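Listed in order, the protein sequences are those of chains A and B. Residue numbering for the first sequence follows the numbering used here, starting at 1 and increasing by one per position. Residue numbering for the second sequence follows the numbering used here, starting at 115 and increasing by one per position. Note sheet for the following structure.
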Amino acid sequence: DTEVTQTPKHLVMGMTNKKSLKCEQHMGHRAMYWYKQKAKKPPELMFVYSYEKLSINESVPSRFSPECPNSSLLNLHLHALQPEDSALYLCASSPHRWGLTEAFFGQGTRLTVV
Amino acid sequence: GESVGLHLPTLSVQEGDNSIINCAYSNSASDYFIWYKQESGKGPQFIIDIRSNMDKRQGQRVTVLLNKTVKHLSLQIAATQPGDSAVYFCAEILSGGYQKVTFGTGTKLQVIP
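Encoded structure:
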């Protein structure tokens with residue numbers, strides 16, 4: 001299994017809603033990532049988890065709250081979002097070892113905030 | 115007011131011709147580089163990688179060239195096919211136990227049948 005699975009594929013939420021994005025991988029990777037991608041722009045790193053601990057937070061607003069319950073799962077909890085947060089949210093994973101390997105990306109969750 | 119449109123650099127290529135997509139990277143300490151292909155509505159997909167101690171690497175129909183002197187990467191696609199139409203991103207990685215991937219701005223490849 002070389003897949004990163006993200007659910008849901010599409011999400012529409014109001015500015016007062018609370019929702020969660022989910023990401024799952026069964027490749028034994030110990031590093032997992034959240035990226036945000038606006039239209040016609042490259043993905044931008046939001047968070048990195050390494051061995052289920054938050055390693056990097058790229059100054060992301062607190063209305064985005066990541067969680068890594070175990071080595072296979074990564075969540076992104078959303079609360080009080082703004083319309084400008086509408087984007088494609090990508091999850092990725094990579095092996096946690098010295099050496100250089102690619103990150104595997106999921107298909108993304110297309111989020112629309114209304 | 116009216117928003118300004120954002121435009122990805124676009125490369126239009128006739129089917130069967132070779133494509134060359136260029137990328138400038140920013141960090142001279144980056145030690146690993148990847149080309150990703152992203153089709154509409156999908157996540158980035160790995161194409162080929164190269165380490166900083168190499169200047170060329172070949173895959174199936176694709177070749178990546180690395181020029182560290184000028185911090186430049188290129189992706190060459192031989193005999194371009196309609197299925198190659200996508201946005202291509204170069205990515206630079208500074209390793210350190212986990213991969214912090216920084217993507218370039220992207221190039222849209224349009225293959226003309």
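Glycine included, each C-beta is placed from N, C-alpha and C at the ideal position. Just so you know, these numbers come straight off a predicted model, no measurement behind them.
*Which residues, taken in chain order from the region 152-172 of chain B, show a beta carbon closer than 8 Å to some beta carbon of chain A?*
For the region 152-172 of chain B, which is checked against every Cβ of chain A, the residues closer than 8 Å are Gly155, Lys156, Gly157, Pro158, Gln159, Phe160, Asp163, Arg165.
*Taking all protein chains shown into account, decide if Leu162/B is buried (16 or more other Cβ within 10 angstroms of its Cβ) or exposed.*
What sits at residue 162/B in the sequence shown is Ile, not Leu. Buried, because 16 or more other Cβ atoms sit within 10 Å of the Cβ of Ile162/B.
*Nearest CA to the CA of Ile226/B: which residue from Glu153/B, Gln195/B, Lys182/B?*
The candidate whose alpha carbon is nearest that of Ile226/B is Gln195/B.
*Less than 8 Å between the CB atoms is what I'm expecting for Leu88/A and Gly108/A, so what's the real figure, rounded?*
At roughly 4 Å, the Cβ-Cβ gap stays under 8 Å, so Leu88/A and Gly108/A are in contact.
*asked:* Let's see if you can read the secondary structure: which residues bound the beta strand (DSSP E) around Asn136/B?
replied: Its beta strand (DSSP E) spans residues 133-138.
*Quick one: list the residues of chain B neighbouring Glu102/A, beta-carbon separation under 7 Å, in chain order.*
Within 7 Å Cβ-Cβ: Ile148, Phe160, Asp163.
*Where Lys156/B falls: helix, strand or coil (DSSP)*: Coil, per DSSP.
_Here's the rule: buried if 16 or more other CB atoms are within 10 angstroms of the residue's CB, otherwise exposed. What is Lys151/B?_
So Lys151/B counts as buried.
*asked:* For Val12/A and Thr216/B, I'd like the C-alpha separation in whole angstroms.
replied: Approximately 28 Å between the Cα atoms of the pair.
*Taking only beta-carbon atoms, is Thr124/B less than 8 Å away from chain A?*
Residue-level contact by beta carbon fails for Thr124/B and chain A, as no gap is shorter than 8 Å.
_Residues of the region 126-145 of chain B in Cβ contact with chain A at a cutoff of 9 Å, in chain order, please._
Residues of the region 126-145 of chain B whose Cβ lies closer than 9 Å to any Cβ of chain A, in chain order: Asp145.
*Along the chain, where does the beta strand (DSSP E) that runs through Val178/B open and close?*
Residues 176-181.
*Per the contact definition of three or more C-beta pairs closer than 8 Å, is the region 201-208 of chain B in contact with the region 138-156 of chain B?*
Verdict: yes, contact present.
*Please state if the CB of Gly157/B and the CB of Pro42/A are separated by a distance shorter than 8 Å.*
Contact flag unset, no.
*asked:* Strictly under 8 Å for the Cβ-Cβ distance: is Phe105/A near chain B by that measure?
replied: Judged by the 8 Å Cβ criterion, Phe105/A is in contact with chain B.
_Meets three-Cβ-pair contact criterion under 8 Å: the region 72-81 of chain A and the region 16-26 of chain A_ = Judged by pairs of C-beta atoms under 8 Å, the region 72-81 of chain A touches the region 16-26 of chain A, as three or more such pairs exist.
_chain A contact for Thr177/B (CB, 8 Å cutoff)_ = No, Thr177/B does not count as interfacial toward chain A.
*Please name the residue, chosen from Ser65/A, Ala103/A, Cys23/A, that lies closest to Thr5/A on a Cα-to-Cα basis.*
Of the candidates Ser65/A, Ala103/A, Cys23/A, Cys23/A places its Cα closest to the Cα of Thr5/A.
*Exposure label - Thr183/B; buried when at least 16 CB within 10 Å*: By the neighbour-count rule (16 or more Cβ atoms within 10 Å), Thr183/B is not buried but exposed.
*CA-CA distance, Asn115/A and Asp85/A?*
Residue 115/A falls outside the range modelled here, since chain A spans only 1 to 114, and no answer is possible.
*Kindly indicate if chain A contains any beta-carbon less than 8 Å away from that of Thr219/B.*
Chain A, which has a Cβ nearer than 8 Å to the Cβ of Thr219/B, makes this yes.
_Does Val118/B pass the burial test, meaning 16 or more other C-beta atoms within 10 Å, or should it be called exposed?_
With a pLDDT of 41 at Val118/B, under the threshold of 50, the predicted position of this residue should be treated as unreliable, and no value is reported.
_Taking only three categories from DSSP, how would you classify Pro83/A?_
The answer is helix: DSSP assigns Pro83/A an H, G or I state.
*Can you give me the Cβ contacts of Ala192/B inside the same chain, cut-off strictly under 7 Å, excluding the 5 residues immediately before and after it?*
Counting only Cβ-Cβ distances below 7 Å, and skipping sequence neighbours, we find Asn132, Arg175.
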